[in-house]
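Per the working numbering, the very first residue in the sequence shown carries number 204; after that it's consecutive.
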Amino acid sequence: AKARRGNSLCFFDPSMQVSLNARARLVADLKRALPGNQFLLHLQPQLDQQGRVAGAEALLRWQHPERGLVPPGQFIAVAEDSELIVPIGRWVLDSACQLLARWQHDAALRELCLSVNVSARQFRQPGFVEQVLASLQASGARAHRLELELTESLVLEDVQDSIAKMHQLRTRGVRFAVDDFGTGYSSLAYLTRLPLHRLKIDRSFVQHLGESHSDDVVVQTILGMARNLALEVVAEGVETQQQCDFLTVHGCEVYQGYLFARPLPLAQFEAFVRERAGP
Ligand code: C2E
Ligand code: CA
Ligand code: CA
Ligand code: CA
């Protein structure tokens, strides 16, 4: 009992209390966000080597009634811990599929792919596969236009479960990318066992291309390995022409970053695509 009192003293440290309150408020606000229609998706263009928009990554934004537009870095982790990520993730998937279905009727947009981030808790949820298939079916979106981004650590925390779920969705046409590639494990054996379509090179490697020999080598190695495995590579966080040139020379196929566009509200994204589509 004494030890427990010791722990609880520590737990109610006054500075800690503030952050617990802030966190409790955040959770309460997050609970209201979905019924209050406060979420939206911004879309960041992904360009091919010809500068055409091949697709987009859907990035979640929270339009908080007092705090304004809140980026996911400030609430995704809390949503994960509180399991609110499950209904939020479902909303993201439904919204992405509805968008894809709408694009089908527009000649300039119908070839676009849309990538969606999937959190670990959402992916591990029983019924995840059925949920994705239901979103596709309800919207009428074509499965091969939907890409799910999974991080290395998510895949590796339970490889058997990951492979099983990915195969079930892959056979229906859904594509998979490994997000933040290179930041996680050094074991690459899993790569050949997964039904993957793309690797996304993490921004932290792209950032210092041309300035850091070790990052140059890492990126060249990833690109060479991807070529051997017949995987497409997306470079994320491309901010300078120098980075872009390096990536092009070494065979990177898809580019995402502020050099081309920030994540954009839907209407702006669609205008950006039309502008780049050519005659
Ligand atoms: P991420 O999946 O690695 O997404 C890329 C992040 O890099 C985005 O931040 C994007 O705005 C940012 N970014 C893109 N290009 C550049 C660039 O050139 N320079 C710099 N400095 N940053 C760039 P964002 O939108 O704040 O999202 C942060 C993270 O939140 C995402 O990282 C992802 O892990 C998570 N997230 C976003 N949307 C969702 C979602 O719908 N569900 C889940 N589970 N997580 C999400
Ligand atoms: Ca991502
Ligand atoms: Ca990423
Ligand atoms: Ca990242």
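Cβ coordinates follow ideal geometry from the N, Cα and C atoms, glycine included.
Practice task
Determine the direct distance from the alpha carbon of Ser415 to that of Ile366, and round the result to whole angstroms.
Solution key: 35 Å
Exercise for the section: Can you give me the Cβ contacts of Pro466 inside the same chain, cut-off strictly under 7 Å, excluding the 5 residues immediately before and after it? Expected result: Taken in chain order, the residues that qualify are His245, Leu246, Gln247 and Leu262.
Exercise for the section: Excluding the 5 residues preceding and the 5 following Ala323 in the sequence, name in chain order all residues of the same chain whose CB lies nearer than 6 Å to its CB. Expected result: The residues are Leu357.
Practice task
Enumerate in chain order the residues of its own chain whose CB-to-CB distance from Phe449 is below 6 Å, with the five nearest sequence positions on each side excluded.
Solution key: For Phe449, where only same-chain residues beyond five positions count, the Cβ hits under 6 Å are Leu412 and Gly413.
Handout entry: Contact under 8 Å by Cβ, Ala257 with Val457
Key = yes
Practice task
Go through the stretch 215 to 271 residue by residue and report every complete run of the beta strand (DSSP E) that reaches 3 residues or more, in order.
Solution key: 242 to 250 and 256 to 267
Handout entry: Cβ-based neighbour list, Gly440, same chain, cut-off 7 Å, excluding 5 preceding and 5 following
Key = Arg406, Val409, Gln410 and Gly460
Practice task
Ignore the nearest five residues each way along the sequence and tell me which others in Trp306's own chain have a CB closer than 7 Å to its CB.
Solution key: Leu312, Arg313 and Leu315
Practice task
Taking Leu303 as the reference, give the member of Val289, Pro275, Ser318 and Ile291 with the closest Cα.
Solution key: Ser318
Practice task
From the DSSP output, in three-state form, read off Cys455 for me.
Solution key: In the structure shown, Cys455 sits in coil (DSSP, three-state: anything other than H, G, I, E or B).
Exercise for the section: Evaluate Val362 with the Cβ neighbour count: other Cβ atoms within 10 Å of its Cβ, from every protein chain shown; 16 or more gives buried, anything less gives exposed. Expected result: exposed
Practice task
Indicate whether Val381 and Glu355 have their beta-carbon atoms separated by less than 8 Å.
Solution key: yes
Exercise for the section: Determine the extent of the beta strand (DSSP E) in which Ser417 is found, giving its start and end residues. Expected result: Per DSSP, Ser417 belongs to no beta strand (DSSP E); it is in the alpha helix (DSSP H), His416 to Asn431.
Exercise for the section: Would you kindly check if the distance between the Cβ of Val289 and the Cβ of Gln340 is under 8 Å? Expected result: no
Problem - For Thr354, the three-state DSSP class (helix, strand or coil) - result: The answer is strand: DSSP assigns Thr354 an E or B state.
Problem - Whole-angstrom distance between Asn320 and Lys234, CA atom to CA atom - result: 20 Å
Exercise for the section: Would you check if the distance between the CB atom of Ala259 and the CB atom of Phe472 is smaller than 8 Å? Expected result: yes
Handout entry: Exposed unless 16 or more other CB atoms sit within 10 angstroms - verdict on Ala282
Key = buried
Exercise for the section: Give the straight-line distance between the Cα atoms of Gly271 and Gln325, rounded to the nearest whole angstrom. Expected result: 26 Å
Practice task
Grab the span of the beta strand (DSSP E) containing Glu435 for me, first residue to last.
Solution key: Glu435 to Ala438
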